[in-house]
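Data first, discussion second: the structure below is written as structure tokens.
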Amino acid sequence: MASTSPTKTTVPAKLSMPVELLPTDLARIVSQAHPVLLLSAYYLRFPALVADPVSTLLDSLLPLAAIQIAYAFICLPAVGTTSKPVEKAKSGEKKKTPEASSAKALTVIYAILLSLISVPVLAAVQVLFGAPITTHIPHTLLSSAYVALLAIFPLIYVHGSDGAKWREIASVYSPIDEVFGASVGCFLGAWLGAVPIPLDWDREWQKWPVTIVTGAYAGYMVGKLAGGWLLKGKRIEFD
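Position in the sequence shown (from 1) plus 5 gives the number in the numbering used here.
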């Protein structure tokens with residue numbers, strides 16, 4: 006049975022702490038506006054997605070990437086940096102910024118490239134869970150690209166290739182935060198999104214992969230809000 010328990014005051018060194026947003030007013034505003042922007046854009050494109058999934062997903066891929074990159078750049082600490090406020094420089098000294106824009110830009114490129122590499126892996130996972138293996142290949146690859154941008158990209162941006170951290174993530178024992186919660190929610194939402202497909206309702210929106218992408222978006226939003234507000238700092242434990 007899974008349960009959540011608050012992070013103890015004394016956390017073993019091998020366990021990580023939840024990701025904190027950058028300590029700026031802009032980061033807080035963008036973090037709250039981010040899910041609204043994503044859902045609004047998806048809602049406006051939903052009729053086109055139902056009518057022509059491949060073209061719509063392809064056309065919307067770059068805008069989604071731009072939104073995710075802006076969210077990460079403005080709100081999240083890049084791997085190897087800190088989210089703590091920068092101390093004010095003494096008089097006559099230049100202000101030191103540990104999160105230089107150039108370093109964050111390189112982290113964005115790194116995270117995007119690794120996210121793209123994960124697309125075939127995510128597509129293979131979808132096939133194992135029942136996606137068409139000989140048809141609808143562009144549909145499966147594009148839906149996997151959306152999951153990669155929503156769930157994988159932010160995780161790589163904040164954690165890089167830290168093996169210990171990724172073992173925590175893979176075992177679902179990472180402390181819940183906005184990034185991890187959104188990723189877990191995205192995967193769960195995509196999985197649950199497959200439920201309506203085999204039902205004999207004869208609806209256009211049931212075709213592959215409309216409900217998968219819809220579930221990924223919905224789960225991402227729920228997980229992001231829960232991780233940032235309701236369950237932050239807790240860990241999923243299996244009794």
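We put the beta carbon where it would ideally sit given N, CA and C, even for glycine.
DSSP-derived helix/strand/coil call for residue i
i: Ile217; result: helix
i: Lys212; result: coil
i: Asp30; result: helix
i: Glu183; result: helix
i: Tyr178; result: coil
i: Ile122; result: helix
i: Met22; result: coil
i: Val200; result: coil
i: His141; result: coil
i: Trp234; result: helix
i: Val55; result: helix
i: Val84; result: coil
The alpha helix (DSSP H) enclosing residue i, as first and last residue numbers
i: Lys170; result: Gly168 to Ala175
i: Phe134; result: Phe134 -> no alpha helix (DSSP H), and no H or E assigned at all.
i: Val59; result: Pro58 to Cys80
i: Val163; result: Phe158 to His164
Residue from the options whose Cα sits closest to the Cα of residue i
i: Ala110; options: Pro125, Ile74, Arg33 and Ser36; result: Ile74
i: Thr140; options: Gly198, Trp213, Leu154 and Val113; result: Trp213
i: His144; options: Arg240, Ser176, Thr216 and Tyr225; result: Thr216
i: Ser166; options: Gly190, Tyr115, Leu204 and Val200; result: Tyr115
i: Leu31; options: Tyr76, Gln211 and Tyr151; result: Tyr76
i: Asp182; options: Lys229, Ala150, Ile202 and Leu63; result: Lys229
i: Gly85; options: Val113, Gln211 and Tyr48; result: Val113
i: Val41; options: Lys237, Ile157, Glu242 and Met226; result: Met226
i: His164; options: Asp57, Pro137, Val184 and Gly220; result: Val184
i: Leu160; options: Ser148, Leu43 and Ser123; result: Ser123
i: Leu121; options: Lys239, Leu66 and Thr219; result: Leu66
i: Ala129; options: Leu197, Lys237, Asp57 and Ser148; result: Ser148
i: Glu242; options: Ala187, Trp206, Ala199 and Tyr178; result: Tyr178
Under 8 Å: do the segment 192-203 and the segment 43-60 share three or more Cβ pairs, one atom per stretch?
The segment 192-203 makes no contact with the segment 43-60; the number of CB pairs closer than 8 Å stays below 3.
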